[in-house]
Amino acid sequence: GASDPPLSVVRKFVHLLEQSPLDLQEEQETIPSYLAKLIFQMPQNKSTKFMDTVIFTLYNYASNQREEYLLLKLFKTALEEEINSKVDQIQDIVTGNPTVIKMVVSFNRGARGHNTLRQLLAPVVKEIIDNKSLGINTNPVDVYKAWVNQLETATGEASKLPYEVTPEQAMSHEEVRNRLQASSVALRSATDKVLNSIVSSLDNIP
339 GASDPPLSVV
349 RKFVHLLEQS
359 PLDLQEEQET
369 IPSYLAKLIF
379 QMPQNKSTKF
389 MDTVIFTLYN
399 YASNQREEYL
409 LLKLFKTALE
419 EEINSKVDQI
429 QDIVTGNPTV
439 IKMVVSFNRG
449 ARGHNTLRQL
459 LAPVVKEIID
469 NKSLGINTNP
479 VDVYKAWVNQ
489 LETATGEASK
499 LPYEVTPEQA
509 MSHEEVRNRL
519 QASSVALRSA
529 TDKVLNSIVS
539 SLDNIP
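Under this note's numbering, the letters of the sequence shown match residues 339 to 544, in that order.
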């Protein structure tokens, strides 16, 4: 059909699968263009399974630096191929759900990606979770209700303030505004810790 990959591409791919490991290793640096043409012309509902079962195996799941370089080279070539063939406007890359982007995400969601993220973020996430005094709720109504509950607990009496309020009514109270400001500062600080942890370890991210 019109959407099928060219026969020459399919033949080249079959040829690659028939190679011995040594011959295949010699050809790995020249095959991205063939695989790229095959990847992006496949139906999207089949491309992820194809990558998982064939191409990731072909590159041994990027288990060493050379194989990682070659797989990234394949991603780059495939994305260029898809852009040249399917993308008319730059925003299509964001709105069009490109096949190659999906495959990159799928790869980094695998064991390597999970392990890296766990090692990278676990300490800072644990620090945030263990901080029982951390308040990062920025919903005015929630903050208002928490404040009213606190008042009632402290006085032992029902508050004269209404419990059900709109965000605007909640924001009319100075105490709520102060608590929201403190929550915003705390949330920004927690976010900065996570971001700094990622940025400072970019070289360790697969």
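Note that beta-carbon positions come from the ideal geometry of N, C-alpha and C, so glycine has one too.
All figures in this text were calculated on a predicted structure; none of them were measured in a lab.
Which listed residue (the options) has its alpha carbon closest to that of residue i
i	options	result
Leu533	Asn398, Pro500, Leu412 and Val463	Val463
Glu419	Phe394, Ile377 and Ser444	Ile377
Pro505	Asn402, Asp480 and Asn398	Asp480
Val514	Glu406, Val443, Lys483 and Leu458	Lys483
Val392	Leu472, Glu465, Phe445 and Ile439	Phe445
Asn469	Lys498, Glu512 and Leu525	Leu525
Ser535	Asn422, Asn402, Thr395 and Glu465	Glu465
Beta-carbon gap between residue i and residue j smaller than 8 Å
i	j	result
Met441	Pro478	no
Glu490	Ala496	yes
Ala416	Ala374	yes
Ile474	Ala528	yes
Ser539	Leu458	yes
Ser521	Thr476	yes
Start-to-end residues for the alpha helix (DSSP H) that takes in residue i
i	result
Val503	Per DSSP, Val503 belongs to no alpha helix (DSSP H) and is neither H nor E.
Asn516	Glu512 to Val537
Leu410	Gln403 to Lys424
Thr483	Correcting the residue type first, residue 483 is Lys in the shown sequence and not Thr. Lys483 -> alpha helix (DSSP H) spans Pro478 to Thr493.
Cβ-based burial, residue i [other Cβ within 10 Å; buried from 16]
i	result
Arg517	buried
Pro359	A caution first: Pro359 carries a pLDDT of 47, below 50, which makes its placement in the model unreliable, though a value can still be read off. Exposed, by the Cβ-count rule.
Thr437	buried
Val523	exposed
Val443	exposed
Val486	buried
Asp530	exposed
Phe413	buried
Ala460	exposed
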